[in-house]
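Student: Before I ask anything, here is the structure I am working with.
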Amino acid sequence: MRSDRLFAPEADGADLLIRGAHVLDPRTGIDEPLDVLVRAGEIAELGPAHSLAAPEPLDVVDGSGRHLFPAFVDPHVHLRTPGQEHKETLETGTAAAAAGGYCAVVAMPNTDPVVDSVAVLGSLIELARRQARVPVGFLAAITRGLAGQELTEMAQLRDLGAIGFTDDGRPVVSAGVLRRALQYQRLCGGVVALHEEDPTLSQDGVMHEGAVSARLGVAGIPSLSESTMVARDGALALHEGARVHFQHLSCIESVRALTSLREQGAAVSGEATPHHLTLTDECVRTLDSRFKCNPPLRTDADRRAVLEALRSGVIECVATDHAPHAEHEKEVPFEQAPMGTTGLETAFAALYTDLVATGDLELSTLVERMSAGARLYGLAEPRIAVGEQANVCLVDLEAGFEVGAEGYVSRSANCAFHGRALRGRVLLTVAAGSVAFRRPMLVGVGTDGRLETAGRR
Amino acid sequence: MSALMPRHLVSIDDLDRDGIERVLDRAETFAEVSGREIKKVPALRGRTVVNLFYESSTRTLSSFELAAKRLSADVVSVRSAGSSVDKGESLKDTVRTLSAYDPAAIVIRSPHAGAAQLVARWTDAAVVNAGDGKHEHPTQALLDVFTLRRRFGSLDDLRIWIVGDVAHSRVARSDILAFARMGAAVTVCGPPTLIPRGIETLGCESSATLDGIEEADVVYVLRMQQERMTQAFVPSLREYADVYQIGPTRLSSGQVVMHPGPVNRGVELASATIDSDRALISEQVKAGVWVRMAVLYEMLVGSPVLAAVA
Chain A
1 MRSDRLFAPE ADGADLLIRG AHVLDPRTGI DEPLDVLVRA GEIAELGPAH
51 SLAAPEPLDV VDGSGRHLFP AFVDPHVHLR TPGQEHKETL ETGTAAAAAG
101 GYCAVVAMPN TDPVVDSVAV LGSLIELARR QARVPVGFLA AITRGLAGQE
151 LTEMAQLRDL GAIGFTDDGR PVVSAGVLRR ALQYQRLCGG VVALHEEDPT
201 LSQDGVMHEG AVSARLGVAG IPSLSESTMV ARDGALALHE GARVHFQHLS
251 CIESVRALTS LREQGAAVSG EATPHHLTLT DECVRTLDSR FKCNPPLRTD
301 ADRRAVLEAL RSGVIECVAT DHAPHAEHEK EVPFEQAPMG TTGLETAFAA
351 LYTDLVATGD LELSTLVERM SAGARLYGLA EPRIAVGEQA NVCLVDLEAG
401 FEVGAEGYVS RSANCAFHGR ALRGRVLLTV AAGSVAFRRP MLVGVGTDGR
451 LETAGRR
Chain B
1001 MSALMPRHLV SIDDLDRDGI ERVLDRAETF AEVSGREIKK VPALRGRTVV
1051 NLFYESSTRT LSSFELAAKR LSADVVSVRS AGSSVDKGES LKDTVRTLSA
1101 YDPAAIVIRS PHAGAAQLVA RWTDAAVVNA GDGKHEHPTQ ALLDVFTLRR
1151 RFGSLDDLRI WIVGDVAHSR VARSDILAFA RMGAAVTVCG PPTLIPRGIE
1201 TLGCESSATL DGIEEADVVY VLRMQQERMT QAFVPSLREY ADVYQIGPTR
1251 LSSGQVVMHP GPVNRGVELA SATIDSDRAL ISEQVKAGVW VRMAVLYEML
1301 VGSPVLAAVA
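Below, the structure written as structure tokens:
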């Protein structure tokens, strides 16, 4: 999945033999135990389990009893750089991505300063070329300063390498301004991604408006504040023939709006987060700020509707909306806390534990949705096939762990799944042909071609 | 078997019906003490109670101060204005600092929901919620139940209407839960813009008009705040008063009127109602000290404590 819009340091490709893992790639149709030989960062050979010899010197990883997937692609992360490096840096955020099985992430532009100029985007690209542990793509802002008034220099930003545009964190309130951006897309290309929220409906809301907010006495954000904007902006996209992506859809009304837009032929797509797919506003009853996010956790009926949309493909991909915040920022009363949860390190395990292990979602569907964001943004999808760049992750589906017990790779700990017992642990991530992450328990360096592991569970 | 007391009183949900009865029974004994010339008992001598108030408050703060003093506790009251809170100190650091004085209890009033729960995480002291945002005000609910129990003997099958700005009222939420727990049938009534969706899940009915209020035994009136107009919840206080004000002609015989204070005369309540013998407002204020004495006593002296049993 090489792309000139993903940025990472130049690296020599890895030489690696992953032996005997159950390879599951829904795109190529592979679903069986295989040996996977990586040479100079490319998948050089696929063979029956334990059939491939290990030419020396070679890094051999024991995959038996484990699964090898196309590595994941996250179309929605906040790396907080520049300006909020106390929450996350480009390096820690991409390291967290690698630890979660991701081979590429797409960073949002709501930094300080905002990614709304060639200068800021250029410096970020340079930073990614030095620090990124997995390749990073960037969305630039739709409007200067995310203020919703004037368009950024979209064509120049695209030329420099922006994958697309978003004012994420905020909606483009003015339909007129968004319409201009969609018209301009014909010149510059690039997906326009939208955080949908009508601020006149969400107002000072801090959680889903419903029975739980009524009980707690905190201001609610009605589902309508999202779904009416999905419908409005979908209509604009239809009219302008534009390509629009709806970020972090959270409610049944938005799923209906998206379904209807699809039926009318709109070029629209959608994403869902692990927390909206597994948690509900019942979590907020304790007023624990880890569960404060935007859009808010909604009801179980909403959760099930979003899940069904992901299963059927109406919503095409999983996006974490990884939103790190420092401990002191989150450790305040719920209404004062910033919105967002981290997600890169827990996305697969949370979805596997709560959806696949329970029988609500097929494993192959989940694996496909975990990297489908690449296609939506015009990036090549990771594939396990000879000649492809190696982008794979090795996962032990049986391995259980307590979230956060060993700390986090991310600089921040505000994870909605903190303390949960999850299954499905990422052991190894190969991104763009290089080993980006290897869990310490899996040593496996054997010049004799034999497995060496420590502390395997 | 006597009811168990919680370690902290954050929500009225921390008390079951027996727990509420236990606090009210204790409050009756303190009501008797308050009739004496010397209104003080030595129950908390040598112990410290900290009142940490992040919102201005007259009756809640003064009644907590008086309650602790009448139990012979040493009392420190910290208000946000003029304190280190003004200098940007976080709630956590303020609580840690005050906890270094080893208080037996911290009474916390905050404009933010969930503040009392957070404080409980950061201190060894017993925490009493004196109002957190629009969430809860459990001691107000206890004194309201106390006042009604004195008047009617029991809340069983009592019909109570809570009228006004339910959306922004922590009193309403704690009262709905407490009244229902004690056997009353609760109806909330107010402008549809100020009745939260889903409020019925707390165990009450809701109504947009005063139609049917004649069936109520008790009309509990909430404070209508000026700023609700600028936020377009209601068009004007005049229209609000016209539709929802509880005046003498709205009340049928035998109905009593309550209000958590402070009252906006001529808005939610007519002057004549406030000054009539149907109003239990002064009884509520008096009960405030007795009930808060009872809460502090039962949590700090009475036993067993829930956490110790669990």
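Chains A and B, in that order, give the protein sequences.
Under our numbering, think of the first position of the first sequence as 1, with each following residue one higher.
Under our numbering, think of the first position of the second sequence as 1001, with each following residue one higher.
No residue lacks a Cβ here, since even glycine has one placed at the ideal position from N, Cα and C.
Report the residues of the segment 1161 to 1193 of chain B with a CB closer than 7 Å to any CB of chain A, ordered along the chain.
Tutor: Here the close residues are 1170 and 1173.
Student: Looking at chain B, which residues of the segment 213 to 236 of chain A have a Cβ within less than 9 Å of any of its Cβ atoms?
Tutor: From the segment 213 to 236 of chain A, only 213, 214, 215, 216, 217, 218, 219, 220 and 222 have a Cβ closer than 9 Å to chain B.
Student: Look up residue 1050(B) in the DSSP assignment and say whether it is helix, strand or coil.
Tutor: Correct three-state label for residue 1050(B): strand.
Student: Residue 391(A) to residue 99(A), Cα distance in whole Å?
Tutor: About 13 Å.
Student: Do the segment 260 to 272 of chain A and the segment 237 to 249 of chain A make contact, defined as three or more Cβ pairs closer than 8 Å?
Tutor: Touching, per the Cβ criterion.
Student: Roughly how many angstroms lie between the CA atoms of residue 435(A) and residue 106(A), to the nearest whole one?
Tutor: Going from the Cα of residue 435(A) to the Cα of residue 106(A) covers about 19 Å.
Student: In the DSSP assignment, what residue or residues form a beta bridge with residue 342(A)?
Tutor: Per DSSP, 415(A).
Student: Please determine, among 201(A), 218(A), 196(A) and 198(A), the residue with the shortest C-alpha to C-alpha distance to residue 1168(B).
Tutor: For the residues 201(A), 218(A), 196(A) and 198(A), the minimum Cα distance to residue 1168(B) belongs to 218(A).
Student: List, in order along the chain, the chain A residues whose C-beta lies closer than 7 Å to that of residue 1197(B)?
Tutor: 209, 210 and 214, listed in chain order.
Student: Pick helix, strand or coil for residue 32(A), following the three-state DSSP scheme.
Tutor: If DSSP states are grouped into helix, strand and coil, residue 32(A) belongs with the strands.
Student: Kindly confirm or deny that the segment 1174 to 1184 of chain B and the segment 1140 to 1160 of chain B touch, where touching means at least three C-beta pairs closer than 8 Å.
Tutor: The segment 1174 to 1184 of chain B, when compared against the segment 1140 to 1160 of chain B, does touch it at the 8 Å Cβ threshold.
Student: For chain B, is any of its Cβ atoms less than 9 Å away from the one on residue 279(A)?
Tutor: No, because no Cβ of chain B sits closer than 9 Å to the Cβ of residue 279(A).
Student: Excluding five sequence neighbours on each side, which residues of the same chain lie with their C-beta closer than 8 Å to the C-beta of residue 146(A)?
Tutor: Same-chain partners within the cutoff: 109, 110, 114, 116, 167, 169 and 170.
Student: Please report the Cβ distance between residue 394(A) and residue 18(A), rounded to the nearest whole angstrom; I am assuming they are in contact, meaning their Cβ atoms lie under 8 Å.
Tutor: Residue 394(A) to residue 18(A), Cβ: 6 Å. Contact.
Student: Quick check on residue 1121(B): buried or exposed, where buried means 16 or more other Cβ atoms within 10 Å of its Cβ?
Tutor: Per the 10 Å Cβ criterion, exposed.
Student: Can you pull the chain B residues whose beta carbon is under 7 Å from the beta carbon of residue 331(A), in chain order?
Tutor: Neighbours of residue 331(A) on chain B, chain order: 1092.
Student: Just to confirm my understanding: we take residue 226(A), look at its own chain, exclude 5 residues before and 5 after, and list those with CB closer than 7 Å. What are they?
Tutor: Excluding residues within five positions, the ones whose Cβ falls inside 7 Å are 196, 197, 250, 251, 254 and 295.
Student: Secondary structure at residue 60(A), three-state DSSP: helix, strand or coil?
Tutor: Here residue 60(A) sits in strand by DSSP.
Student: How would you write the range of the beta strand (DSSP E) that residue 74(A) sits in, first residue to last?
Tutor: Unbroken beta strand (DSSP E) run through residue 74(A): 72 to 77.
Student: Tell me the DSSP bridge mates of residue 165(A)?
Tutor: Looking at the DSSP assignment, residue 165(A) forms a beta bridge with 140(A) and 192(A).
Student: Straight-line CA distance for residue 409(A) to residue 97(A)?
Tutor: Approximately 9 Å, taken between the alpha carbons.
Student: I'd like to know if residue 1205(B) contacts chain D, where contact means its C-beta is closer than 9 Å to some C-beta of that chain.
Tutor: The displayed structure is made up of protein chains A and B, and chain D is not among them.
Student: Who are the Cβ neighbours of residue 413(A) in its own chain at under 7 Å, not counting the five residues just before and after it?
Tutor: Correct list, in chain order: 327 and 404.
Student: Can you tell me whether residue 368(A) is buried or exposed, with buried defined as 16 or more other CB within 10 angstroms of its CB?
Tutor: So residue 368(A) counts as buried.
Student: Could one say the Cβ of residue 201(A) lies closer than 9 Å to chain B's Cβ atoms, at least one of them?
Tutor: Output row for residue 201(A): interface = no.
Student: What's the C-alpha gap between residue 1034(B) and residue 1070(B)?
Tutor: One C-alpha to the other measures close to 9 Å.
Student: If you compare alpha carbons, which of 1006(B), 1192(B) and 1283(B) is closest to residue 1208(B)?
Tutor: That would be 1192(B), whose Cα lies nearest to the Cα of residue 1208(B).
Student: Give the DSSP-derived three-state secondary structure of residue 1233(B) in the structure shown.
Tutor: Three-state DSSP puts residue 1233(B) in coil, outside helix and strand.
Student: List the DSSP bridge partners of residue 1258(B).
Tutor: DSSP output for residue 1258(B) lists 1220(B) as bridge partner(s).
Student: Could you give the DSSP three-state label for residue 45(A): helix, strand or coil?
Tutor: It is a strand residue.
Student: Locate the alpha helix (DSSP H) running through residue 300(A), then write down its first and last residues.
Tutor: Element bounds for residue 300(A): 300 to 312.
Student: State the CB to CB distance for the pair residue 459(A) and residue 222(A), rounded to an integer number of angstroms; the pair is presumed to be in contact (CB under 8 Å).
Tutor: With chain A running from 1 to 457 in the structure shown, residue 459(A) is simply not present.
Student: In chain B, what lies closer than 8 Å to residue 291(A) by C-beta?
Tutor: Near residue 291(A) there are no residues of chain B at all, since even the closest Cβ is about 11 Å away, more than 8 Å.
Student: Residue 1150(B) to residue 1220(B), Cα distance in whole Å?
Tutor: In a straight line, the C-alpha of residue 1150(B) is about 16 Å away from that of residue 1220(B).
Student: Any chance the segment 1095 to 1105 of chain B sits against the segment 1116 to 1135 of chain B, with 3 or more Cβ pairs inside 8 Å?
Tutor: Output reads yes: the segment 1116 to 1135 of chain B touches the segment 1095 to 1105 of chain B.
Student: Return the residues of the segment 1123 to 1152 of chain B that lie within a Cβ-Cβ distance of less than 9 Å from chain A, sorted by chain order.
Tutor: Taking 9 Å as the Cβ-Cβ cut-off against chain A, the residues of the segment 1123 to 1152 of chain B that qualify are 1132, 1133, 1134, 1135 and 1136.
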